[in-house]
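A.B. asks: Take this structure, written in structure tokens, and hold onto it; I'll ask about it next.
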Ligand code: C2E
Ligand code: CA
Ligand code: CA
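Numbering (my numbering), first residue to last: 274 to 1040.
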């Protein structure tokens, strides 16, 4: 109990003790007039009122709590005043105290106090809203009627029927006190924790209840003479309980709010039990006089109300249950289906496959992966990409038939699970590819797919079947797109190694396992290095140095080529700038690096290049970006990027020139500055088998390329020069620059520095 509340509680308890002491003395030795009995209530009331006032003046009380306690304060003051008046009246007419009843004005004061208390309790906000409000109203009505029946039967009716009947004032006040009690008690269950403390509200309820019940019971048992112990002992308990209620609120203050309790649920049942008590008394032989009949009527009403309440609760439960069921079904569907296409998802797919394997029946999986879906997303936007996926899903649903479960495995990967003996996986694959041969979706897009087929053999597990299908699909992609491959024994190893690579790349990038080497590009006449091409190497912790041919495709597939390419770009620019600073502008004209299609699709690519140049201080004119023909032919976005780079003054080289399909037309549309004659045209260029026509045919492409380049004003570099003979023929054809193992192997940056240093010394010596 808090320091603030304690003195009031002590004071009110002392008043009860005094009252009890006095009554004992009065009953045994007849101490003084019975008018003294009336003094204790107002004295206790003064203390109780003071305690409420003290609480009310506290600063941090919640507004709702403040309003409630203001009501209690007014009620306590009015009642104390009323009972004080009664006490004065009794003391001044001590002789006739036994027969005197309460002055009506004083009774009115007390009654007004009760009315204010009822009002204050009524305004404490309750939690329920809407439908629950009605149930609460029903519950409280039931509770009220139940309690009222008891009070009536055990208290008011006997008071009325007593030989010396009680004054109407006494009965009115008892009734009002009872109203406060039931109102507050039934409300406690419905107020959430605070701002009015629940214990406080319970004690306020008890304060009214003690008066009502105590006085009624005493009256029923002892008749009118009960008014003396009622006044001296029972009624002074009211201030004690009020002071305790105040103490409870002090403790809570503005503290944390608690969850509403669930006692409310029990209320109607308690009320039924209460109304049953008088009925049991009647059943046991108490005469069924008119007060008993009233109880019977009340019992019938209460039963009816409880029935209504149960019916409402039943309906509510049924509604909730139906809701839950719908929700559950929806959740289940959501958990097992893909939101975009409505197809079964990976989880359901695995479940069904597991079920098929468990029964030992036939099961085949077709894994369908769209080719180049990413390009659609990148070029036409995700909205178009989504609609394309939906169209593919529709197509899958139509072709899969009754025995097949179409699935969206994720991203642009689909699957069909075939169970049942009649299903032919290959036939379905052919049908699917044929269906995809026609443009789909409202954009009339042509998409192709690679399909891997795996059949569940004996001892197969869900994972093994899916892995086989994956390997087969991957192999189908490798063999050129738009086809299907059925898994065969031994197909897995190389593919799995390749797939594993993808996972390792990320780690390698984080661990800094990549290094850039530089292959010099030399003048064919004097062997002087005029440029370098940056080539990336992977220093694998267990496999040693891994060449780009092995991991660039995996890096492109996983998108890791973008950060990897960014690394090569920075490293090359930094190194080229360092060489420029160390050996001057004439030593090395340019540094070239390879850019893959995926990088050109990256919207940040131009910005990355700008940043790398700016940060390293390398002039634009000294950077060459090598792109392959197939990368250049990747649509508008790539074309825009290339033109922008060219406008910046960066030179673009067409790599592996001559191997593509549209080299010539490409040169017109593409802002190339350099063409790199592919190694395959250099390889046999020097062979002189004594047949001039055949030798000339082998040189035809190399000759055509140099003529074309001259006509268009482009530089040339011959790639893959492996011998002095090749170099000689190339020079003869008009090539001035070459790159190849015969001229120089890819070197570390230090080795290139050494080469440049030697070159410089020679140049100075030549002067
Ligand atoms: P590429 O652009 O055609 O690069 C030339 C490749 O030919 C290099 O192989 C080089 O080492 C090799 N080479 C040079 N001279 C000779 C020769 O006389 N004989 C033979 N047989 N080969 C020669 P490397 O370094 O293995 O690179 C292979 C491909 O990987 C490159 O072909 C390029 O397309 C790609 N690549 C390399 N580094 C990068 C990079 O940083 N980014 C991207 N996107 N691709 C890269
Ligand atoms: Ca290259
Ligand atoms: Ca090349």
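Beta carbons are placed, not taken as given, at the ideal position from N, Cα and C, and that holds for glycine. Note that this is a predicted model, so its numbers are computed, not measured.
#1: Any heavy atom of ligand 1 closer than 7 Å to the Cβ of residue 825?
#2: With the cut-off set at 8 Å, would you say residue 949 and residue 927 are in Cβ contact?
#3: By Cβ distance, which residues of its chain are closer than 8 Å to residue 1031, with the 5 residues on each side in sequence left out?
#4: Got a sec: does ligand 1 put a non-hydrogen atom nearer than 7 Å to the Cβ of residue 836?
#5: Could I get the ranges of all uninterrupted beta strand (DSSP E) runs contained in the segment 779-855, with 3 residues as the minimum, in chain order?
#6: Classify residue 962 as helix, strand or coil using the three-state DSSP reduction.
#7: Identify every residue that forms a DSSP beta bridge with residue 899.
#8: Where in the segment 572-655 do unbroken runs of the beta strand (DSSP E), each at least 3 residues long, occur, reported from the N-terminal end onward?
#9: Would you call the segment 569-589 in contact with the segment 445-462, where contact means no fewer than 3 C-beta pairs closer than 8 Å?
#10: With distances taken from CA atoms, which of 635, 702 and 449 is nearest residue 388?
#11: Tell me which residue opens and which closes the beta strand (DSSP E) that residue 727 is part of.
#12: Just how far apart, CA to CA, sit residue 724 and residue 644?
#13: At a cut-off of 7 Å, would you count residue 792 as near ligand 1, judging by its Cβ distance to the nearest heavy atom?
#14: Run the Cβ filter for me: residues under 5 Å from any heavy atom of ligand 2, listed in the order they occur in the chain.
#15: Examine the Cβ distances between the segment 745-757 and the segment 724-737 and report whether three or more of them are shorter than 8 Å.
#16: Taking only three categories from DSSP, how would you classify residue 1040?
#17: Output the distance between the C-alpha atoms of residue 1007 and residue 898, rounded to the nearest integer angstrom.
#18: Distance check for residue 1013 and residue 990, CA to CA, integer angstroms please.
#19: Restricting to Cα atoms, I'd like to know which of 957, 977 and 978 is closest to residue 968.
#20: What's the gap between the Cα of residue 547 and the Cα of residue 610?
#21: Residue 992: beta carbon under 7 Å from a heavy atom of ligand 3?
#22: Taking the alpha carbon of residue 318 as the reference point, which residue from 352, 614, 649 and 814 has its own alpha carbon closest?
#23: Please classify residue 989: does DSSP put it in a helix, a strand, or coil?
#24: Any idea what DSSP makes of residue 949, helix, strand or coil?
#25: Going straight from the alpha carbon of residue 286 to that of residue 594, what length do you get?
#26: Would DSSP call residue 529 helix, strand or coil?
#27: Which residue wins for smallest C-alpha separation from residue 849, given the options 866, 834, 835 and 839?
#28: Please work out which residues of its chain come closer than 8 Å, Cβ to Cβ, to residue 329, disregarding the five sequence neighbours upstream and downstream, and give them in chain order.
#29: Going by beta carbon distance, what residues of the same chain come within less than 6 Å of residue 348, once the five residues before and after it are set aside?
#30: Have a look at the DSSP bridge pairing and note the partners of residue 303.
#31: Nearest-angstrom Cα distance between residue 498 and residue 439?
#32: How is the alpha helix (DSSP H) around residue 1018 delimited, first residue to last?
#33: In angstroms with no decimal places, state the Cα-to-Cα distance between residue 529 and residue 308.
#34: Should residue 1014 be counted as a contact of ligand 1 given a C-beta to heavy atom distance under 7 Å?
#35: Any heavy atom of ligand 3 closer than 7 Å to the Cβ of residue 951?
#36: Could you check if residue 570 is buried or exposed, using at least 16 other CB atoms within 10 Å of its CB as the buried criterion?
C.D. replies: This is what the structure holds:
#1: yes
#2: yes
#3: none
#4: no
#5: 787-796, 802-813 and 817-819
#6: coil
#7: 867 and 926
#8: 636-643
#9: no
#10: 449
#11: 722-728
#12: 10 Å
#13: yes
#14: 867, 899 and 928
#15: yes
#16: coil
#17: 24 Å
#18: 10 Å
#19: 957
#20: 55 Å
#21: yes
#22: 352
#23: strand
#24: strand
#25: 53 Å
#26: Note that residue 529 scores a pLDDT of 49, beneath 50, so its modelled location is shaky and nothing firm can be said.
#27: 866
#28: 339, 342, 343 and 346
#29: 386, 389 and 390
#30: Answer by DSSP bridge pairing: none, since residue 303 is not bridged.
#31: 10 Å
#32: Here residue 1018 belongs to no alpha helix (DSSP H), and DSSP marks it neither H nor E.
#33: Residue confidence for residue 529 is low, a pLDDT of 49 falling below 50, so the modelled location carries little weight; the figure read from the coordinates is stated next. Rounded to whole angstroms, residue 529 to residue 308 spans 47 Å at the Cα level.
#34: yes
#35: yes
#36: exposed
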